[in-house]
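A.B. asks: Quick one: structure below, then a few questions.
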Amino acid sequence: MSTLATVGATGVPASAAVSTAAAASVKAAVVNGNAGTLKVTGSNFTKNANLIVEFNQNGANSGNLTQRYSARSDGSGRFTLTAAAYVSASCLVGVAAWDDAKSASTNLNTTGKGCQGGKVAINPCQPVCTDFYTQGSGFTPGATVDVFYEFQDGAKGTVTLHAGSGVCGTLAPGRYPPAPAGQFFAFGACNGYTMHDDRVCHAPLVKVWAEEQDTDYISEALYVDPRC
């Protein structure tokens, strides 16, 4: 006598039955070329369920500059949400959505779609050589930035100098604000600052980059000829 339990009339062993429920998924897109407004769509969530939709800067679930919105799925487990988002130095927005049973996430690169990204610019001879006039643009308004200068010193090997800077402007959801927002703030102005160290004259190149505390964003490094 067979000991196999069956499901309906198919003869499939109960022990072999596998759930065919599709995994939830979420997609995000920039609206009208403006990174400050995102359209989020989800599918295969729990039907007729309340959801949380979360935006994070520099990647999903990063915890950086978190924004949360509410949504509700329809009878097919789908939802659509259009909402204002922060535009930050990283130009990378992590989008996550979840209900009581299902979750999904994705990352959206908004570079060139209303987000220029944080960049550092250096003039190595302003006002004189060994003075590294340092400017920033495209950083997150209101953020704090650490700028690093790394070079080889014949006596001490690798030397890394550090300078801290604020970023002009006030962070708010929506379109990225015009300059001077996003520029380095120092000494009461939004036009950058000067880093001076005589040792840079001994280096063929100085590597310069910025790290933003608020988003964990790291800018592309510059390799600067001191021209001393």
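Numbered by numbering that gives the first Met the number 0, the letters in the sequence shown go through residues 0 to 227 in order. Heads up, the beta-carbon is just placed ideally off N, CA and C, and yes, glycines get one too. Nothing here was measured: the structure is a model prediction, and the numbers come from that model.
#1: If you draw a straight line from the alpha carbon of Ser89 to that of Val119, how long is it in whole angstroms?
#2: Beta-carbon within less than 6 Å of Ala142's beta-carbon, same chain only, minus the 5 sequence neighbours each way: which residues are those?
#3: From what residue to what residue does the beta strand (DSSP E) around Thr105 run?
#4: Answer with buried or exposed for Cys114, where buried requires no fewer than 16 other C-beta atoms within 10 angstroms of its C-beta.
#5: What are the complete beta strand (DSSP E) segments, minimum 3 residues, inside the stretch 11-98?
#6: Can you tell me the Cα-Cα spacing of Phe131 and Asp215, whole angstroms?
#7: Please decide whether Gln151 counts as near chain B, where near means a Cβ-Cβ distance under 7 Å.
#8: Give the DSSP-derived three-state secondary structure of Cys227 in the structure shown.
#9: To the nearest angstrom, how far is the alpha carbon of Ile217 from that of Ala209?
#10: Are the Cβ atoms of Phe54 and Gln66 separated by less than 7 Å?
#11: According to DSSP, is Asp197 part of a helix, a strand, or is it coil?
#12: Quick check on DSSP: helix, strand or coil for Ala188?
#13: Find the nearest neighbour of Ser293 within the set Gln56, Gly62 and Asp73, judged by alpha-carbon distance.
#14: So the candidates are Ser69, Ala28, Gly173 and Gln182; which of them puts its Cα closest to the Cα of Val86?
#15: For Ser218, which three-state DSSP category applies?
#16: Quick test of the definition: if touching needs 3 or more C-beta pairs under 8 Å, does the stretch 146-158 touch the stretch 188-200?
#17: In chain order, what are the residue ranges of uninterrupted beta strand (DSSP E) at least 3 long that sit wholly in the stretch 101-166?
#18: Taking the C-alpha atoms as reference points, what is the distance between Ala27 and Tyr68?
#19: Note down the Cα distance separating Asn33 from Gly117, rounded to an integer number of angstroms.
#20: So Val25 packs on Val94, CB below 8 Å; how close in whole Å?
#21: Beta-carbon separation of Leu234 and Ala96 under 7 Å?
C.D. replies: Judging by the given coordinates:
#1: Counting from one through the sequence shown, the residue named residue 89 turns up at place 90. Counting from one through the sequence shown, the residue named residue 119 turns up at place 120. Distance from the CA atom of Ser89 to the CA atom of Val119, rounded to whole angstroms, is 13 Å.
#2: Your numbering for residue 142 matches position 143 in the sequence shown. Apart from sequence neighbours up to five positions away, the residues of its chain that approach Ala142 with a beta-carbon distance below 6 Å are Val166, Glu211 and Asp213, ordered along the chain.
#3: In the sequence shown, the residue the question calls residue 105 occupies position 106. Under the DSSP assignment, Thr105 falls in the beta strand (DSSP E) whose first and last residues are Ser102 to Asn108.
#4: Stepping through the sequence shown from its first residue, residue 114 is reached at position 115. Flag for Cys114 reads buried.
#5: Complete beta strand (DSSP E) runs here, min 3: 24-30, 33-42, 49-56, 66-71, 78-83 and 91-97.
#6: Position 132 of the sequence shown, counted from the start, is the residue given in the question as residue 131. Position 216 of the sequence shown, counted from the start, is the residue given in the question as residue 215. Cα to Cα, the separation comes out at about 24 Å.
#7: Reference to chain B is not applicable here, since this structure consists of a single protein chain.
#8: Locating residue 227 in the sequence shown gives position 228, counting from the first residue. Here Cys227 sits in coil by DSSP.
#9: Numbered from 1 along the sequence shown, position 218 holds the residue referred to as residue 217. Numbered from 1 along the sequence shown, position 210 holds the residue referred to as residue 209. The straight-line gap from Cα to Cα measures roughly 6 Å.
#10: Counting from one through the sequence shown, the residue named residue 54 turns up at place 55. Counting from one through the sequence shown, the residue named residue 66 turns up at place 67. Yes, these two residues count as a Cβ contact at 7 Å.
#11: Sequence index remark: in the sequence shown, residue 197 carries index 198 (1-based). In the structure shown, Asp197 adopts helical secondary structure according to DSSP, grouped into three states.
#12: Locating residue 188 in the sequence shown gives position 189, where the first residue counts as 1. Correct three-state label for Ala188: strand.
#13: Outside the shown range of the chain, which is 0 to 227, sits residue 293, and nothing can be said about it.
#14: Translated into the one-based positions of the sequence shown, residue 86 becomes position 87. Closest option to Val86, Cα to Cα, is Gly173.
#15: On the sequence shown, position 219 is the one that residue 218 refers to. Ser218 carries a coil assignment under DSSP once its states are collapsed to helix, strand and coil.
#16: Taking a contact to require three or more Cβ pairs closer than 8 Å, the stretch 146-158 and the stretch 188-200 qualify as touching.
#17: The stretch 101-166 contains these whole beta strand (DSSP E) runs: 102-108, 118-122, 130-136, 143-152 and 156-166.
#18: Reading the sequence shown from its first residue, position 28 is the one you call residue 27. Reading the sequence shown from its first residue, position 69 is the one you call residue 68. Taking the straight line joining both Cα atoms gives about 14 Å.
#19: As a working note, residue 33 is residue 34 in the sequence shown. As a working note, residue 117 is residue 118 in the sequence shown. Taking the straight line joining both Cα atoms gives about 17 Å.
#20: Taking the first residue of the sequence shown as position 1, residue 25 is located at position 26. Taking the first residue of the sequence shown as position 1, residue 94 is located at position 95. About 6 Å; that satisfies the 8 Å criterion.
#21: The requested residue 234 does not occur in the structure, where the chain is confined to residues 0 to 227.
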